[in-house]
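Take the sequence shown: its letters are residues 58 to 580, numbered as in the working numbering. All C-beta atoms in this analysis are idealised placements derived from N, C-alpha and C, irrespective of residue type, glycine included. Keep in mind the model is a prediction, meaning the values are calculated, not measured.
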Amino acid sequence: MDRSRPRRRLLAPAALLIVSLSLGAALAWQAIQTVQRHRQTAEHALGDYAEFAAFTLASLTYRQIGGAVVQTFSSWPAAESPARVPDGAACSGGNVFFEQAPGGASLRPFGAPLSAPAAAFLRDTLRNATPLLKEVGWRFRFLRVATPAADGYFITSYEATPGRFGLRGFSVCFGGTGSPFRAVMLAERALPPALTGDRPADSLFSLTVAGENGAPLYRTPHQYASSYRGRARLGNEFGDLALQVALRADIADRLIIGGLPSSPTPLALGLLGLSTLLVVTALLQLRREYELVAIRSDFVSNVSHELRTPLSQILLFTELLKLGRLRTDAERERSLDIIDQETRRLIQLVENVLQFSRSGSAHRRLGQEVLPLAPLVRATLEAFRPLAAARGVEVRAEIPADIAVRGNQSALRQILLNLLDNAVKYGPRGQVVRVGASRDLDAARLVVDDQGAGVPRDDRERIWEGYYRLQREAHSAVAGSGIGLAVVRALTAEIGGKAWVEDAPAGGARFVIELAAAEISAP
58 MDRSRPRRRL LAPAALLIVS LSLGAALAWQ AIQTVQRHRQ TAEHALGDYA EFAAFTLASL
118 TYRQIGGAVV QTFSSWPAAE SPARVPDGAA CSGGNVFFEQ APGGASLRPF GAPLSAPAAA
178 FLRDTLRNAT PLLKEVGWRF RFLRVATPAA DGYFITSYEA TPGRFGLRGF SVCFGGTGSP
238 FRAVMLAERA LPPALTGDRP ADSLFSLTVA GENGAPLYRT PHQYASSYRG RARLGNEFGD
298 LALQVALRAD IADRLIIGGL PSSPTPLALG LLGLSTLLVV TALLQLRREY ELVAIRSDFV
358 SNVSHELRTP LSQILLFTEL LKLGRLRTDA ERERSLDIID QETRRLIQLV ENVLQFSRSG
418 SAHRRLGQEV LPLAPLVRAT LEAFRPLAAA RGVEVRAEIP ADIAVRGNQS ALRQILLNLL
478 DNAVKYGPRG QVVRVGASRD LDAARLVVDD QGAGVPRDDR ERIWEGYYRL QREAHSAVAG
538 SGIGLAVVRA LTAEIGGKAW VEDAPAGGAR FVIELAAAEI SAP
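See the structure below:
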């Protein structure tokens, strides 16, 4: 048979499966990439929302605080009495107000006491106040200082006498619950109300006001750990102060229609893995199908040869007898012996095929009885000796008379015939095949030793599979159906025993059948 034909027929579905798997992998990759791009777009949109919220709050805070600061300076009292500070900027110990005459000659505080460190800070800073105020058009400037008494100072210039300018300012505190930053945050809608509803601002994002370096000037009590952040400066009048917004992570479902796309990677990889498994399984099944096709072809060919050879012999010698062409009694006796031998071969082959076909069905157990081994083996050898003699093989048996097993007579006979046939086929001509038996406690063993090349250790389990042949016998001229040993193991299991192969003591292979031992009842 040309084995390339079924192989070619199986190549098309195998190629189709591989192409389908490749397309599935490409689609999975494309889906992952698409969702990742959508997620990146959504995350950029959330970042833009945070930037917009920061810009909105910075602009409103600048206008509110800046307007209040300008109002405070414009209503500066002529007498040395405290002015009104912006809402939310009052310090717990009182706010410090101060004036510095033109030329920086003196610093006159009023209102709350001015500590010595604060006075030293103001003297040092006010020396360079002119360029700071000049940068902002002489409006006002915030000086950041971290002291227990204040968060910083607002300063501005004033005309003390025509053409001569001095400095004045006051301290502010922004860290309390009434902080103007918090007031603006809660009062204004920094995010679209159509998407956020009536939820308060501090449940949507956290706020931090800080310079580029140093501790925050103000921060909301609860800070959200989020990658969606926006930052906006308050204005030149506030120096390097900037307002930073951090969106709550789970607000994405409100701000992005449909929410952030979830990653399809686990699902895609799972489906791809499952598809790969299915394709590999299908390819293995296709390969197995090819092997089964080849095995079936070999089996049909071997069985046909096994049937044809004895039938040809039977037909030949039957015709010779029928036509009276055998002249002597010796010739006729030899012809009848050959017909008998070939008929036995046919019967054994047919029994093996029938038994092998049954072994693929549901598990069955044969009826069992107590069987003395000696008479059973003797009767089986008598039936087999003509077949052995035809191949120049001598069969010897040494079976103790007191050994009996629990089994099925027909099954045990077929097991022994198959083992003998296997020994004769694969052993050398002129060999001696020995059949023996022994008992070990509750188990009895029947062994068949040959003088062949033995069975390699790696193949001692595979030889019990149907259609399997040793590698050294793959191209041998020895004919066989390939099911003899498979039938042996199947029948042995059906009568509750075990079968294995090992090295024979004198070389060759020893096939062992182990069955439950039984006691021979007294006559």
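Terminal residues of the continuous beta strand (DSSP E) containing PHE211? Numbered from its first residue, the sequence shown carries residue 211 at position 154. Start and end: 209-218.
Given that a residue counts as buried once 16 or more other Cβ atoms are within 10 Å of its Cβ, and exposed if not, what is LEU331? Position 274 of the sequence shown holds residue 331. Per the 10 Å Cβ criterion, exposed.
Taking only the alpha-carbon atoms, compute the straight-line gap between GLY464 and GLN425 and give it to the nearest angstrom. On the sequence shown, position 407 is the one that residue 464 refers to. On the sequence shown, position 368 is the one that residue 425 refers to. Their backbone Cα atoms lie some 5 Å apart in a straight line.
Own chain residues within Cβ distance below 8 Å of ASP560, not counting five before or after: Residue 560 sits at position 503 when you count from the first residue of the sequence shown. Excluding sequence neighbours, ASP560 sits near GLY511, ALA566 and ARG567.
With three or more C-beta pairs closer than 8 Å as the rule, is the region 488-495 touching the region 511-521? no
Measure from the alpha carbon of ALA468 to the alpha carbon of each residue in ARG141, LEU373 and LEU548, then state which is nearest. Residue numbering aside, residue 468 sits at position 411 when the sequence shown is read from its first letter. Nearest C-alpha to ALA468: LEU548.
Inter-stretch contact at 8 Å, needing at least 3 Cβ pairs: the region 266-279 / the region 151-162: no
So, with DSSP's three-state summary, where would you put GLU522? In the sequence shown, residue 522 corresponds to position 465, counting from 1. Three-state DSSP puts GLU522 in coil, outside helix and strand.
Among ARG290, GLN301, GLN508 and ILE395, which has the Cα closest to the Cα of ALA282? Here the question's residue 282 lines up with position 225 in the sequence shown. Of the listed residues, the one whose Cα sits closest to ALA282 is GLN301.
Would the C-beta of PHE238 count as close to the ligand MN, meaning under 8 Å from any of its heavy atoms? For the ligand MN, the structure offers nothing, since it holds no ligand at all.
Exposed unless 16 or more other CB atoms sit within 10 angstroms - verdict on ALA419: Counting from one through the sequence shown, the residue named residue 419 turns up at place 362. Residue placement at ALA419 is flagged as unreliable, the pLDDT there being 47, under the threshold of 50; the coordinate-derived value follows with that caveat. When all chains shown are included, ALA419 counts as exposed.
With H, G and I counted as helix, E and B as strand and the rest as coil, what does DSSP make of PHE197? Along the sequence shown, one-based indexing puts residue 197 at 140. DSSP places PHE197 in coil when its eight states are reduced to three.
List the residues that DSSP assigns as beta-bridge partners of TRP557. To locate residue 557, count along the sequence shown from 1; it is residue 500. Its beta-bridge partners are VAL569.
Bridge partner(s) assigned by DSSP for LEU300: As a working mapping, residue 300 is identified with position 243 in the sequence shown. Beta-bridge pairing links LEU300 to VAL266 and ALA289.
First and last residue of the beta strand (DSSP E) that includes ARG225? Sequence index remark: in the sequence shown, residue 225 carries index 168 (1-based). Element bounds for ARG225: 221-229.
Is it buried or exposed, GLY87, if we count other Cβ atoms within 10 angstroms and call 16 or more buried? Position 30 of the sequence shown, counting from 1, holds the residue named residue 87. Residue identity differs from the one stated: residue 87 is Gln in this sequence, not Gly. GLN87 should be labelled exposed.
If LEU403 and PRO443 are in contact, beta carbons under 8 Å, what's the gap, nearest whole angstrom? The count along the sequence shown starts at 1 and reaches residue 403 at position 346. The count along the sequence shown starts at 1 and reaches residue 443 at position 386. Not a contact, Cβ separation roughly 13 Å.
Three-state secondary structure (DSSP) of TYR119: Here residue 119 refers to the residue found at position 62 of the sequence shown. DSSP places TYR119 in helix when its eight states are reduced to three.
Leaving out the 5 sequence neighbours to the left and right, which residues in its chain are closer than 6 Å to ASP59 when beta-carbon positions are compared? By 1-based counting over the sequence shown, the position of residue 59 is 2. Interpretation of ASP59 is limited by its pLDDT of 49, a score under 50 that renders its predicted location unreliable; no figure is taken from the coordinates.
Would the beta-carbon of LEU430 fall within 9 Å of that of ILE460? Start at 1 with the first residue of the sequence shown, and residue 430 comes out as number 373. Start at 1 with the first residue of the sequence shown, and residue 460 comes out as number 403. A contact, by the Cβ cut-off of 9 Å.
So, is ASP307 buried or exposed, given that buried needs 16 or more other C-beta atoms within 10 angstroms? The residue given as residue 307 occupies position 250 in the sequence shown. Under this definition ASP307 is an exposed residue.
Who pairs with GLN157 in a beta bridge, going by DSSP? Reading the sequence shown from its first residue, position 100 is the one you call residue 157. LEU164 and LEU224.
Just tell me which of GLN528, SER228 and LEU473 has its CA closest to the CA of ARG546. To locate residue 546, count along the sequence shown from 1; it is residue 489. The candidate whose alpha carbon is nearest that of ARG546 is LEU473.
Neighbour-count burial assignment, LEU411, 16 or more Cβ in a 10 Å radius: In the sequence shown, the residue the question calls residue 411 occupies position 354. Exposed.
How far does the beta strand (DSSP E) with ASP144 in it extend, from its first residue to its last? The residue given as residue 144 occupies position 87 in the sequence shown. It is not in any beta strand (DSSP E) - ASP144 carries neither H nor E in the DSSP assignment.
PRO219 versus PRO159, SER149 and PHE167, residue with shortest Cα-Cα distance: Position 162 of the sequence shown, counting from 1, holds the residue named residue 219. Looking at the Cα atoms, PRO159 is the closest of the given residues.
Would you call the region 485-492 and the region 447-454 in contact, with 3 or more CB pairs under 8 Å? yes
Alpha carbon to alpha carbon, how far is GLY223 from THR187? Give it in angstroms, no decimals. The residue labelled residue 187 in the question sits at position 130 within the sequence shown. The residue labelled residue 223 in the question sits at position 166 within the sequence shown. C-alpha of THR187 to C-alpha of GLY223: approximately 10 Å in a straight line.
If the criterion is Cβ atoms closer than 9 Å, does the pair GLY539 and TYR525 meet it? Counting from one through the sequence shown, the residue named residue 539 turns up at place 482. Counting from one through the sequence shown, the residue named residue 525 turns up at place 468. For GLY539 and TYR525, yes; Cβs fall inside 9 Å.
ILE396: which of TRP133, ARG382, ASP386 and LEU378 sits nearest, CA to CA? In the sequence shown, the residue the question calls residue 396 occupies position 339. When each option's Cα is compared against that of ILE396, the closest is LEU378.
What do you get for ALA85, buried or exposed, if any count of 16 or more other CB atoms within 10 angstroms of its CB means buried? Counting from 1 along the sequence shown, the entry for residue 85 is found at position 28. It is buried - the Cβ of ALA85 has at least 16 other Cβ atoms within 10 Å.
Closest by C-alpha distance to TRP557, when choosing among LEU476, ILE570, ALA251 and CYS230: Position 500 of the sequence shown holds residue 557. Out of LEU476, ILE570, ALA251 and CYS230, ILE570 has the C-alpha closest to the C-alpha of TRP557.
Do you know how far the Cα of HIS95 is from the Cα of GLY124? Residue 124 sits at position 67 when you count from the first residue of the sequence shown. Residue 95 sits at position 38 when you count from the first residue of the sequence shown. Rounded to the nearest angstrom, the two C-alpha atoms are 43 Å apart.
Three-state secondary structure assigned by DSSP to LEU252: In the sequence shown, residue 252 corresponds to position 195, counting from 1. In this structure, LEU252 counts as helix in the three-state DSSP scheme.
As a quick exercise: from ALA107, LEU164 and PHE262, pick the residue whose alpha carbon is nearest that of ARG288. Locating residue 288 in the sequence shown gives position 231, where the first residue counts as 1. Among ALA107, LEU164 and PHE262, the Cα nearest to that of ARG288 belongs to ALA107.
Going along the chain, which residues of its own chain have a beta-carbon closer than 7 Å to the beta-carbon of GLU294, five neighbours each way excluded? For the purposes of this step, residue 294 is taken as residue 237 along the sequence shown, with counting starting at 1. Here GLU294 has GLY123, VAL193, ARG196, PHE197, ARG198 and PHE199 as same chain residues with Cβ atoms under 7 Å from its own Cβ, once five neighbours each way along the sequence are excluded.
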